[in-house]
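There are 2 protein chains.
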Amino acid sequence: MASLSARGIGGIPEVRPGDDLAALIAPGLDGPAPQGAQVIAIAHTAVSKAESAVVALDDVTPSERARELAADLAASAGEDRDPRVVQVVLDESSEVMRAERGVLICRTRHGFVCANAGVDVSNASAADTVVLLPRDPDASARRIRARLRELMGDSGGDRPAPAVLISDTFGRAWRHGQTDVAVGLAGMQPLDDWRGRTDASGLTLRATWLAVADAAAAAADLARMKDSREPVVVIDGLERYVTHDDGPGAAALLRSPDEDLFR
Amino acid sequence: MASLSARGIGGIPEVRPGDDLAALIAPGLDGPAPQGAQVIAIAHTAVSKAESAVVALDDVTPSERARELAADLAASAGEDRDPRVVQVVLDESSEVMRAERGVLICRTRHGFVCANAGVDVSNASAADTVVLLPRDPDASARRIRARLRELMGDSGGDRPAPAVLISDTFGRAWRHGQTDVAVGLAGMQPLDDWRGRTDASGLTLRATWLAVADAAAAAADLARMKDSREPVVVIDGLERYVTHDDGPGAAALLRSPDEDLFR
Numbered sequence: 003m004a005s006l007s008a009r010g011i012g013g014i015p016e017v018r019p020g021d022d023l024a025a026l027i028a029p030g031l032d033g034p035a036p037q038g039a040q041v042i043a044i045a046h047t048a049v050s051k052a053e054s055a056v057v058a059l060d061d062v063t064p065s066e067r068a069r070e071l072a073a074d075l076a077a078s079a080g081e082d083r084d085p086r087v088v089q090v091v092l093d094e095s096s097e098v099m100r101a102e103r104g105v106l107i108c109r110t111r112h113g114f115v116c117a118n119a120g121v122d123v124s125n126a127s128a129a130d131t132v133v134l135l136p137r138d139p140d141a142s143a144r145r146i147r148a149r150l151r152e153l154m155g156d157s158g159g160d161r162p163a164p165a166v167l168i169s170d171t172f173g174r175a176w177r178h179g180q181t182d183v184a185v186g187l188a189g190m191q192p193l194d195d196w197r198g199r200t201d202a203s204g205l206t207l208r209a210t211w212l213a214v215a216d217a218a219a220a221a222a223d224l225a226r227m228k229d230s231r232e233p234v235v236v237i238d239g240l241e242r243y244v245t246h247d248d249g250p251g252a253a254a255l256l257r258s259p260d261e262d263l264f265r
Numbered sequence: 003m004a005s006l007s008a009r010g011i012g013g014i015p016e017v018r019p020g021d022d023l024a025a026l027i028a029p030g031l032d033g034p035a036p037q038g039a040q041v042i043a044i045a046h047t048a049v050s051k052a053e054s055a056v057v058a059l060d061d062v063t064p065s066e067r068a069r070e071l072a073a074d075l076a077a078s079a080g081e082d083r084d085p086r087v088v089q090v091v092l093d094e095s096s097e098v099m100r101a102e103r104g105v106l107i108c109r110t111r112h113g114f115v116c117a118n119a120g121v122d123v124s125n126a127s128a129a130d131t132v133v134l135l136p137r138d139p140d141a142s143a144r145r146i147r148a149r150l151r152e153l154m155g156d157s158g159g160d161r162p163a164p165a166v167l168i169s170d171t172f173g174r175a176w177r178h179g180q181t182d183v184a185v186g187l188a189g190m191q192p193l194d195d196w197r198g199r200t201d202a203s204g205l206t207l208r209a210t211w212l213a214v215a216d217a218a219a220a221a222a223d224l225a226r227m228k229d230s231r232e233p234v235v236v237i238d239g240l241e242r243y244v245t246h247d248d249g250p251g252a253a254a255l256l257r258s259p260d261e262d263l264f265r
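If you're matching them up, the sequences are chains E and Z in order. With this note's numbering, letter number 156 in the first sequence gets 158, and the count goes up by one each step, no holes. With this note's numbering, letter number 90 in the second sequence gets 92, and the count goes up by one each step, no holes.
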């Protein structure tokens, strides 16, 4: 029987530019040596703040297009939209897919499809700043993992270092509400491919190709209180997906636009 | 600090039509009285089989449209498609949204958007049968919850009975792989609405409207081995979402087509 557990790590202070995030996380993990094969799920805002992926709105001059979009969004939402925030969203986007009811649905430069290109107004530490997605979230995850390995000592080579999963909260097509998904990943298999394998009855599990990193991100978010500072959650029970090498990252979860059937 | 744990319940035999699913589950829960505020996540195939939501393909006569679609799908997938299965998918659908690369993306009669209208070939107990989604998954969840309450004794009125969540594995727009989502729900809040509430810094969590039932379904699936018979997973740590009344069910997670921004 499998089992899963996830717990928030308390005591992490508000993250500031240049902070060594791994050094803030390590004391909250169990013991001096890494628990082999744990997954450390980190809300992207903590990573972005440490990496200074933050924009002060005073430094932003909105373009004509940003002003027009802000006016349209304000009209459809029935409340103001700051054209400077819209400008940041445009800067982060490779494509604006929809602009309706106060929301921009964008494809980000990384290839994620999400509201406002992942630009986060609510989780900024200071008024008049916005938090972006990390510039390269898979690289961020690899860096944090390497640093955790360094800080916590080598586990001896037989056990992989903890995997690092960076999450953001995305809306979905067809369904209300949002769930956390993986935007960055190091040391964990993002997908578990059962296509062609057989189940207990010997019948083929034809369509099963599990997005285990996204499921782990969603599980982690359930172990995090939204109103508290708990950006980091430790997950046990996913040993079977944790790898010695850093693997393909969360980029492997992106479906290219031309092969998407679910739009 | 919040925490979450999920474990599969072993020892559940292959479910057959007419089986009392709650009676198969109850012995695997902790102790004679219900652990208050647990969430019991059940893979829909177990519920569908107990409810005889199963079709023997010998009883299906494919229509002309099903034959044509099967031929098109076979050509695009490079492997055969049984026109009788396609007929069952059409019978379960209110709308076929796409037919490409061997897959039908459908809106089911319930309003779910998923591949093959939730018709499951791989998890059938016998060859030449397919498993449907339960006819009314929220009603199924309410029935199982009521029966669990009956079997396990009243907890005294202060603690709610365990919530029941029925899940299926759905693909998503924009992202590879599948995750479990809630298709039926009783006794659990499907959504946690933080819109307008403030975070620890006093700033508004503007866009946060968490699909906690879907996150719980995804977490449960991580505690279930796909190749074993573990349709039932018990989740602890979601007490804050478990309610005395059965609530709005998973139907509350469905976004109506005209308000969907993410297509």
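Ideal placement from N, C-alpha and C gives every residue a C-beta, glycine not left out.
Straight-line gap, residue i to residue j (C-alpha atoms, nearest Å)
i: Z:Asp160; j: Z:Ser5; result: 22 Å
i: Z:Ala117; j: E:Arg257; result: 16 Å
i: E:Gln40; j: Z:Ala225; result: 15 Å
i: E:Gly239; j: Z:Asp223; result: 12 Å
i: Z:Ser7; j: Z:Ala252; result: 22 Å
i: E:Gly80; j: E:Arg103; result: 8 Å
i: E:Thr245; j: E:Ile146; result: 15 Å
i: Z:Met129; j: E:Gly249; result: Before going on, a small fix: residue 129 of chain Z reads as Ala here, not Met. Spanning the two alpha carbons is a distance of roughly 38 Å.
i: Z:Glu70; j: E:Glu241; result: 45 Å
i: E:Arg144; j: E:Pro29; result: 19 Å
i: Z:Pro162; j: Z:Gly155; result: 12 Å
i: E:Pro192; j: Z:Pro19; result: 36 Å
i: Z:Arg151; j: Z:Ile27; result: 12 Å
i: E:Met99; j: E:Arg109; result: 7 Å
i: E:His178; j: E:Arg149; result: 38 Å
i: E:Trp196; j: Z:Asp93; result: 27 Å
i: E:Pro164; j: E:Asp138; result: 20 Å
i: E:Arg255; j: E:Ala221; result: The residue asked about is misnamed: residue 255 of chain E is Leu in this sequence, not Arg. Between E:Leu255 and E:Ala221, the C-alpha separation is close to 17 Å.
i: Z:Ser78; j: E:Asp260; result: 15 Å
i: Z:Asp85; j: Z:Ile11; result: This sequence places Pro at residue 85 of chain Z; Asp is not what is there. The alpha-carbon atoms of Z:Pro85 and Z:Ile11 are separated by roughly 37 Å.
i: Z:Asp140; j: Z:Ile237; result: 19 Å
Cβ neighbours of residue i in the same chain (closer than 8 Å, five flanking residues each side left out)
i: E:Pro136; result: His46, Val49, Ser50, Glu53, Ala55, Ser142, Ile168, Val185, Gly186
i: Z:Gln89; result: Val62, Thr63, Pro64, Ser65, Ala68
i: Z:Asp247; result: Gly189
i: E:Pro233; result: Ile14, Val17, Ile44, Ala45, Thr47, Ala48, Arg226
Proximal residues to residue i (C-beta, below 6 Å), its chain only, five neighbours per side dropped
i: Z:Asp194; result: Leu212, Val214
i: Z:Val1; result: The displayed coordinates of chain Z run from 3 to 265. Any statement about residue 1 of chain Z would go beyond what the structure contains.
i: Z:Arg111; result: Ser96
i: Z:Arg83; result: Ala72, Leu75, Ala76
i: Z:Thr171; result: Gln180, Asp182
i: E:Gly173; result: Ala117, Gln180
i: Z:Asp21; result: Ala52
i: Z:Tyr243; result: Met190, Gln191, Val214
i: Z:Asp216; result: Val183, Ala184
i: E:Leu31; result: none
Whole-number beta carbon distance between residue j and residue i, since they are thought to touch under 8 Å
i: Z:Leu59; j: Z:Thr131; result: 7 Å
i: E:Val166; j: E:Arg9; result: With a Cβ gap of about 16 Å, E:Val166 and E:Arg9 do not count as contacting.
i: Z:Leu153; j: Z:Ala25; result: 6 Å
i: E:Thr262; j: Z:Ala175; result: Per the sequence shown, residue 262 of chain E should be read as Asp rather than Thr. 6 Å between Cβ atoms; contact.
i: Z:Val87; j: Z:Val123; result: 6 Å
Close Cβ partners of residue i (< 7 Å) along its chain, the five nearest in sequence each way excluded
i: E:Thr210; result: Trp196, Arg197
i: Z:Ala101; result: Leu71, Asp74, Leu75
i: E:Arg113; result: Arg is not the amino acid found at residue 113 of chain E; the sequence shown has Gly there. Within the same chain, E:Gly113 has close Cβ partners Leu256.
i: Z:Val57; result: Val90, Thr131, Val132, Leu134
Notebook entry, point to check: Whole alpha helix (DSSP H) runs in the stretch 128 to 165 of chain Z with 4 or more residues, listed along the chain?
Noted result: 139 to 154
Next item on the list: Note down, one range per segment and in chain order, each alpha helix (DSSP H) of at least 4 residues found wholly within the stretch 41 to 126 of chain Z.
Entry: For the stretch 41 to 126 of chain Z, whole alpha helix (DSSP H) runs of length 4 or above, ordered along the chain, are 46 to 52, 66 to 79, 85 to 94.
Check: Curious, which full-length beta strand (DSSP E) runs of at least 3 residues does the stretch 181 to 261 of chain Z contain?
Finding: 234 to 238
Item checked: Interfacial residues, the stretch 181 to 193 of chain E to chain Z, with Cβ spacing under 8 Å -> Thr181, Asp182, Val183, Pro192, Leu193
Item checked: Residues of the stretch 164 to 183 of chain Z whose Cβ lies closer than 8 Å to any Cβ of chain E, in chain order -> Thr171, Gly173, Arg174, Ala175, Trp176, Arg177, His178, Gly179, Gln180, Thr181, Asp182, Val183
Check: Name the residues in the stretch 207 to 227 of chain Z whose C-beta lies less than 9 Å from a C-beta of chain E; which are they?
Finding: Leu207, Arg208, Ala209, Thr210, Trp211, Leu212, Ala213, Val214, Ala215, Asp216, Ala217, Ala218, Ala219, Ala220, Ala221, Ala222, Asp223, Leu224, Ala225, Arg226, Met227
Checklist line | Residues of the stretch 85 to 119 of chain E with Cβ closer than 8 Å to any Cβ of chain Z, in chain order | finding: Arg100, Glu102, Arg103, Val105, Ile107, Phe114, Val115, Ala117, Asn118
Note to self: Taking beta-carbon pairs under 7 Å, can you tell me which members of the stretch 5 to 20 of chain Z lie near chain E?
What the structure shows: Ser5, Leu6, Ser7, Ala8, Arg9, Gly10, Gly12
Next item on the list: Determine which residues of the stretch 239 to 252 of chain Z have a Cβ less than 8 Å from any Cβ of chain E, and write them out in chain order.
Entry: Residues passing the 8 Å Cβ filter: Gly239, Leu240.
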